[in-house]
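Encoded as C-alpha cells, the structure appears first; notes follow it.
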Amino acid sequence: MLPRLIKRQSPSKAMVYLSPILALLLTLLASIVLFLIMGVSPSGALHAFFVEPISSIYGLTELMVKATPLILIGVALSLGFRAGVWNIGAEGQLILGGLFGGATALFFYEKTGFYIIPLILIMGALGGIIWAGIVAFLKTRFNANEILTSLMLSYVAALLLNLLIHGPLKDPDGFNFPESRLFSDSALLPILYDGTRLHLGAVIALFFVGIGWILLSRTLLGYQIKVMGDAPAAGEHAGFSHSKIIWTTLLISGGAAGLAGAIEVSGPIGQLLPNISPGYGFAAIIVAYVGRLHPLGVLFAALLLALSYLGGETAQMKLNLPVAVTGVFQGLLLFFLLACDVLIQYKIRTSKKSESTIAPAVKSSIKSTSEVK
Amino acid sequence: MAQPSEYLLELTGMRKAFPGVLATDNVDLKIRPGEVHALLGENGAGKSTLVKMIYGILKPDAGEIKFDGKAVNIKAPAHARELGIAMVFQHFSLFDSLTVVENISLGMDHASSMRELAEQITEVSQRYGLPLDPNRHVYTLSVGERQRIEIIRCLLQEPKLLIMDEPTSVLTPQEVKKLFVTLRRLGEEGLAILYISHKLDEIKALCHDATILRLGKKVATVSVDKESTGSLAAMMMGEEMQAFKHPKKPTLGDIRLKAKNLNVVAADPLGISLKDINLLVHSGEVVGIAGVAGNGQDELLTALNGERLSESGSVIIEGEHIGHLGPNKRRLMGMASVPEKRLGHGAMPDMSLVDNAFLTSYERLHFISHGLIDYGKTEDYANKVIKDFSVKTPNADVPAASLSGGNLQKFIMGREFDQNPNILIVAQPTWGVDAGAAQTIREAIRKMASKGAAVLVISQDLDELMEISDRMGAICGGVLSKFYPISEITIEKMGLLMAGVSLDDMHDDVINGSEVNHNAS
Amino acid sequence: MEILVAAILTIITAATPLLFAALGELVTEKSGVLNLGVEGMMVMGAIVGFAAVHYSGSATVAIFASMLAGASMAAIFGVLVLVFHASQVPTGLALTIFGIGLSALVGQSMIGVAYDGIPQLHIPVISDIPVIGEIFFSQDGLVYLSIFMVFAVMWFMNKTRAGLILRAVGDSHDAAHAMGYSVLKIRFLAVLFGGAMAGVGGAYLSLAYSPLWVEQMTAGRGWIALALVVFASWKVRRVLLGAYLFGGISILQLHAQALGIAVPSQVMSMLPYLATILVLVIISRDRSKIKLNAPASLGKPFHASR
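Chains as they are written, first to last, in the working numbering: chain L, 1 to 373; chain H, 1001 to 1521; chain E, 2001 to 2306.
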C-alpha cells in the first residue's frame, strides 16, 4: 500500500521546527552519495566541509563574517516573503549597496573622520533602497511581476558595477586591472577581535535580528505583513494598504541588502571588485526559508549556509573539490526542506483505511466548492 | 438472476462515517422510472453524502445500491454516468475561460466532434426550453445560464436518473418556474429525478414522493400529496416548525447609513459596476437586500464598508460624508461589516483566532499601546467572542481554517457584534451554516437592531430575508430596486425585483397572477 | 546586404533558445503550474547536451540528452510541487539555484573543451538561393525544430482533446477533478514537457549559439523566457513574436560595433534585461487583460481528494 498524505486538522507546530533539521540530515545523506559518486571519501569530505572550518577560533569568526550578509538579507527577505512579496533580486540590491558604499569610501579616500563609516553604510543602504524602489514602483504602479523585475535588475546591477570598475572607479595605479583602490583605513569597518576579520557588521546583523523579531511579532506593521501574506482580501477588509506593504517590505529588504553590500566592501573585501558577492543574495532566499521566515531562525540558518561557503572553500583547498559543491548543497537543502514541510500540514498514513483517506477529500471539496462562486 | 424490479434505484442500509461524524446511517431510498423524488433535509442532514455515494464520489462504508435491478458497486463518477446516472451539482464544475461546447465536451465520456456536439446542444436546448449559445464563453454567462450548461451536459448522456443538488438556490423565482417546467417534461419522458432541497414549497410543487433525512438518519418516505408543508417541516426539523413571526413594526430612529447616487466602477473585468445606488437604513431596523449571486452584492458591501472608495457625498454615516474614507475611519465612526467570503476576506485562514480577533477591532478597542500590539488584551477579546457566541474551538490559538463554516461565521459575527457597532452590514450571514448556528446568527442580528443599530443584510436566501427584515429590496446587475415594507412583500414581487423589474411598471394582476411555487396541486 | 543577412541570422540564433524555453513554460503554465526553475533546467540542458556531444559525437544524442536533463530537473520540481504540496515559487527558485550549482559541478571537466557546433541542414537547391536560402533553408536542425514546435503546440492546444483538457485543468483544477480528470498526472506531464523544452533551449546555447561550456552561460535567459510568456498573454503565436523581438535586441548587442555605435559593452549587455522589464511593464499595466488571459489556477496548490 502506498503511503498517503492526510491533511492535519491544524498544522503541526513541532514539524515547523523539525522540518529544517530533517532536511539537513537528508541533505547530508545526499551529500554522502554525491561524494561517493565523485570518488571522494565521504567522511573526509564531510569533515572538510562541516568540521574543519569551525574547529578554530579563527574559523568561528570567519563563519560570522560570512553569516553577516546572509543574516541581514535573510531577516529582511523573511518579512517580504511573509507578505507574499517575492523580492529575489537581493543580489542586485547588495551590489548596488556595495557600489554606493564603495564609491563613498573612494570619495573620502583622502579624508579621515568618524563620519565616514556611518556615511558608507547609509549610502549603501540607500543604493539598495533605490534598486528595490524601482521594483516596488513597477509593481505598484504597473503591476509588473516583482520576481522578474528584481531579478533582471540584478543582472543590470552586476553589469553596472562591472562598467564602473572598468571606468571611473578603477584604481589609477592599478595597471588597468578592473578593481578599485584599497579603501583607506577610516573607510574600513573596525575589527572586533584582533587577528581575525570579524568586524562591526556582525554586531549590526545581530541587532537587526532583534529589530526584525520585534517588528514581526509585536508591531502593527508586522501584523499587516502576515495578513497580506495569508489573505490579501482580509487585509483590505481591515483597511490595510497592499501597496504600502509592497513598498515597505521591498524597501526594507533593499536597504538591508544594500547595507550588507556596503559592509562587505568596507569589511572583509576592503575595495571594489567586479565580483563582490558569492551569491549571498540568492543564498539568503534559502536562509529565509530554512529559518522559517523568522528572524531568530534566520540567524541559525545563516550560520549553516555560511558554513557551506566556508566548507566549500576548505574542501577545495584540501580535497580539490570544485567550489560548485556549495551551490549543489544549498539547492539540495532547500529541496529537502520544501519536501519535509509537507509534514507541517499533512501526516503520512500507510494503512489502507479508506474512511480516513476520504475525509480530507470531503473537506477540500467543500472548501473548493465554496470558492467556486 | 436478479428479478426485474419496478424500481430504477434501490438503496438499502447506506452508511458513511467521517472521523467524528456519522454522516449517513442505515438510509434506504427507492425511485421508480419517471418519478420526481425529493430528498429533503436541513443542512448537515446527510443529503449530499448520500448522493455522493450514488454518484461514485464517496465510497459507502456499508449498504447496497441496486440500479436497474442489479447490485452495483459504483467506483467513480464515470462509472455512474456509464450506468445512466447524471448529476447537476449545487456548485457548478465549469471552466470560465472555455466555451459552452468545450465545457460540455469535457464532461462527456464519449466525445464527438465539436461541431456535432454544438448541434446536439442547440437541439436539446430547444427541445427542453433551455436557451443556450454553444459558442459563448462561460465567464460571460449568468448563473442561470451556467446551470443550463450542467443540465444539458447531463441530458446529452441520455441518463435514466438525474440527481439535482439544491438547483434553485442560485435562481430567481421566475427562473425556478421555468426550470420546473423542464423537469416535469423530463419526468413525463420517463427520466427519474432525485431532487435535493430543503425548500418545502418547491417540493410540494414538483415532487411525487419525498424521503426525509435528519441527522444522517432516514425519518420517512412519504407521498408529497398527502403531506402539508407543515408536516414535512416537522419531519425535517424534528419539531413543529415555529410559526412564522413577522417582526413587529420597529421603532425607527435616525438615519444612520445613507447611500446617495453611489456609483462604483468594477475593478475586476468580470465584476459588476454599481449604478446610482440609493439606500437608507434607520437606527433600529433591519433592511434586507435580495439578489441572485454575482449581481453586485460584493461590490455594494465593499463600497459601503470602505474597501472601495467613492465620492465623498455618496456614502453618508450619521450625516457625515465619508465616501472617500477607508474602512478604518468608517469603523471608528461605528460601522462594522461581515463579508460573504469567510476564509480569505472575513478571516485569515492560517492565522490564529487571536490574530483574527485583532483584525477589525484593534482601533476601536485599543489593542495597541506604545506602538506594540497588546496580545494579552487581544486574547481576552478573542475568548470573550468565543464565549459570547458559543464558538466551538479547543482554544483561541488554532488557525481560523480549522473551524467549521458555522463556527467561523459565529466568530466573525461575534468579533463585529461585540464591538457594539451603530451600523452593521452583513452579507450572506448563514450561507452553508448548520441550522442551529443559523438560528443563533439570525437572532443576534435582530438583537443588534433592537439595541438601536442600523442593520443591512445582503443575502441570496429569500426565506431568511423575509424572516429577519423590516424592509426589503433587491439588487440586479448593480442596480438597486426600491425598498418595500415586509408587509407588502410577497415571494412573487421579490422575484420580479431580483430580475430587475420595477414594480411600479407592473399591474397588480401581473404581480399576483404568477403562481411561481405555490402550486400545491 | 551582408550586414542585414548577418543581423537576421543573429536574431534567429538568439531567438531560438528563448523560443524553446518559453514554449515549454507556456504549456506548463497553461496547466496551472508556475515553474520558476526555467533557468536551472536550461543550464542543465546546456551542460548535459554539451557533455553528450563531447562523449558521443552525435548532435542528435546530445539533443535528446539535453531534453532528458531538462525533464529530469522538471521531474524534481513536479514531485515537490504536485506530490509534496511544496509552494511553487520557492520550489522554482530552488530548482534554479540547484541547477546552476549542479551544472557547474558536472561541467568542471568541460571547461575549455572545443566543439564545432551542430551541423546546418542545407536543404538542397533552395538553400542556394541567395539571401533567402541562407536565412530560411540553411539553418541547423534545432531552429527548424523550434519553429515546428510552435505549430505543434498551437495545434495541440487548440485542436486536440488533450489540449482542451490541459487548458481546463489550468482554468479550474477543482472542476477538472470533479469531472474525473487526473489533475496531477496532466500537470506532471506538462511540467515534464516544459523541462524538456527548457533543456533543449539550453542545449542550443552550448551546441549552436556559442559552442562551448561556460558556467551560468544561460545568463538569465530562463527568466526572460518566463517574462516572454507573460508578454505573450499565454498565446502561442505571440511567444514566437516575442522570442524574435528579443532576438532583435541582441543584434544591437552583437553588431553594435559593426553599426558604429560607441557604447560600452556592459551597457549593450544590459539591453535584454532592461527590455524585459519594459515589456513586463507595458503588458502588465492592463490588469484586467492579464486576469482574463492568465490561467485561472496558475500557481495555486491543488490537493486531490482521491
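We put the CB at the ideal spot given by N, CA and C, even for glycine.
{"Item": "Can you grab the Cα-Cα spacing for the pair alanine 1396(H) / serine 1390(H), in whole Å?", "Value": "13 Å"}
{"Item": "Here's the rule I'm using: 16 or more other beta-carbon atoms within 10 Å means buried, otherwise exposed. How should alanine 1336(H) be labelled?", "Value": "buried"}
{"Item": "Take serine 2297(E) and list the residues in its own chain whose beta-carbon comes closer than 7 Å to its own, dropping the five residues that flank it on each side.", "Value": "Gly2032, Gly2170, Asp2171, Ser2172, His2173"}
{"Item": "Can you pull the DSSP bridge partners for methionine 1164(H)?", "Value": "Val1088(H), Tyr1195(H)"}
{"Item": "Which residues mark the beginning and the end of the beta strand (DSSP E) in which aspartate 1276(H) is found?", "Value": "1274-1282"}
{"Item": "Using the three-state DSSP reduction, which class does glycine 212(L) fall into: helix, strand or coil?", "Value": "helix"}
{"Item": "Give the residues of chain H in contact with alanine 2075(E), contact being defined as C-beta atoms less than 7 Å apart.", "Value": "Correct list: empty, because the minimum Cβ distance to chain H is about 27 Å."}
{"Item": "What residues in its chain sit with their C-beta under 8 Å from that of glutamine 1126(H), if we drop five residues either side in the sequence?", "Value": "none"}
{"Item": "By the DSSP assignment, the beta strand (DSSP E) with asparagine 1026(H) in it spans what residues?", "Value": "1021-1031"}
{"Item": "At which residue ranges does the region 1375-1463 of chain H contain complete alpha helix (DSSP H) runs of 4 or more residues, listed in the order of the chain?", "Value": "1375-1388, 1405-1417, 1435-1450"}
{"Item": "What does histidine 1324(H) touch in chain L if you count any residue whose Cβ is under 7 Å from its own?", "Value": "Ordered by position in chain L, no residue passes the 7 Å Cβ test against histidine 1324(H), which lies about 13 Å from the chain."}
{"Item": "Between the region 1427-1444 of chain H and the region 1363-1381 of chain H, are three or more C-beta pairs nearer than 8 Å?", "Value": "no"}
{"Item": "Assuming glycine 102(L) and valine 265(L) form a contact by the criterion Cβ under 8 Å, report the distance between their Cβ atoms to the nearest whole angstrom.", "Value": "4 Å"}
{"Item": "Would you say the beta carbon of alanine 1080(H) comes nearer than 8 Å to a heavy atom of the ligand FAD?", "Value": "Among the components modelled here there is no ligand, and therefore nothing to report on the ligand FAD."}
{"Item": "Pull up the distance between the alpha-carbon of glycine 2180(E) and that of proline 1077(H), whole angstroms please.", "Value": "7 Å"}
{"Item": "In whole angstroms, what is the alpha-carbon distance linking alanine 1002(H) and glutamate 1150(H)?", "Value": "Since pLDDT at alanine 1002(H) reaches only 45, below the 50 mark, its modelled position is unreliable, and the value read off the structure follows with that caveat. So the two alpha carbons sit approximately 33 Å from each other."}
{"Item": "For the structure I just gave you, are there three or more beta carbon pairs, one from the region 282-292 of chain L and one from the region 190-207 of chain L, closer than 8 Å?", "Value": "no"}
{"Item": "Can you tell me whether DSSP reads glutamine 2108(E) as helix, strand or coil?", "Value": "helix"}
{"Item": "Candidates Ala2065(E), Arg2161(E), Thr2013(E), Phe2098(E): which alpha carbon is nearest glycine 327(L)'s?", "Value": "Phe2098(E)"}
{"Item": "Can you name the start and end residues of the alpha helix (DSSP H) that valine 1315(H) belongs to?", "Value": "Per DSSP, valine 1315(H) belongs to no alpha helix (DSSP H); it is in the beta strand (DSSP E), 1315-1317."}
{"Item": "Looking at the C-beta of lysine 226(L), does it have a partner C-beta in chain H at a distance below 9 Å?", "Value": "yes"}
{"Item": "I need the boundaries of the beta strand (DSSP E) containing asparagine 1337(H), first residue and last residue.", "Value": "It should be pointed out that residue 1337(H) corresponds to serine in this sequence rather than to asparagine. Note, serine 1337(H): beta strand (DSSP E), 1335-1338."}
{"Item": "Please report how far the alpha carbon of glycine 270(L) lies from the alpha carbon of methionine 152(L), in whole angstroms.", "Value": "27 Å"}
{"Item": "Less than 8 Å between C-beta atoms, sequence neighbours within five positions excluded: which residues of the same chain meet that for valine 2200(E)?", "Value": "Phe2020, Gly2045, Gly2049, Ile2063, Ser2066, Met2067, Gly2070, Leu2142, Leu2145"}
{"Item": "Could you check which residue in Ile2047(E), Ser2233(E), Lys2030(E) has the C-alpha nearest to that of glycine 2163(E)?", "Value": "Lys2030(E)"}
{"Item": "Have a look at Ala2243(E), Gly2057(E), Ser2056(E) and flag the residue whose alpha-carbon is nearest the alpha-carbon of valine 2279(E).", "Value": "Ala2243(E)"}
{"Item": "Quick one, which of Ala1045(H), Ala1293(H), Glu1467(H) has its alpha-carbon nearest valine 1286(H)'s?", "Value": "Glu1467(H)"}
{"Item": "Can you give me the C-alpha to C-alpha distance between leucine 968(H) and leucine 1252(H), rounded to a whole angstrom?", "Value": "The requested residue 968(H) is not part of the displayed model; chain H covers only 1001 to 1521."}
{"Item": "Quick check: the Cα distance between asparagine 2035(E) and phenylalanine 2302(E), rounded to an integer number of angstroms?", "Value": "15 Å"}
{"Item": "My understanding is that leucine 2271(E) touches leucine 2245(E), with C-beta atoms under 8 Å, so please give their C-beta distance in whole angstroms.", "Value": "At roughly 12 Å, the Cβ-Cβ gap does not stay under 8 Å, so leucine 2271(E) and leucine 2245(E) are not in contact."}
{"Item": "Where does the unbroken alpha helix (DSSP H) through arginine 1146(H) begin, and where does it stop?", "Value": "1143-1156"}
{"Item": "Could you tell me whether the Cβ of glycine 2180(E) comes closer than 9 Å to any Cβ of chain H?", "Value": "yes"}
{"Item": "Within 9 Å of any Cβ in chain B, is that where the Cβ of phenylalanine 1358(H) sits?", "Value": "Protein chains in the displayed structure are L, H and E, and chain B is not among them."}
{"Item": "Report the residues of the region 328-348 of chain L with a CB closer than 8 Å to any CB of chain E, ordered along the chain.", "Value": "Val328, Phe329, Gln330, Gly331, Leu332, Leu334, Phe335, Leu338, Ala339, Asp341, Val342, Gln345, Tyr346"}
{"Item": "Measuring only the C-alpha atoms, how far is threonine 1182(H) from alanine 2227(E)?", "Value": "50 Å"}
{"Item": "Just the C-alpha distance for methionine 2197(E) and proline 1060(H), rounded to the nearest angstrom, thanks.", "Value": "45 Å"}
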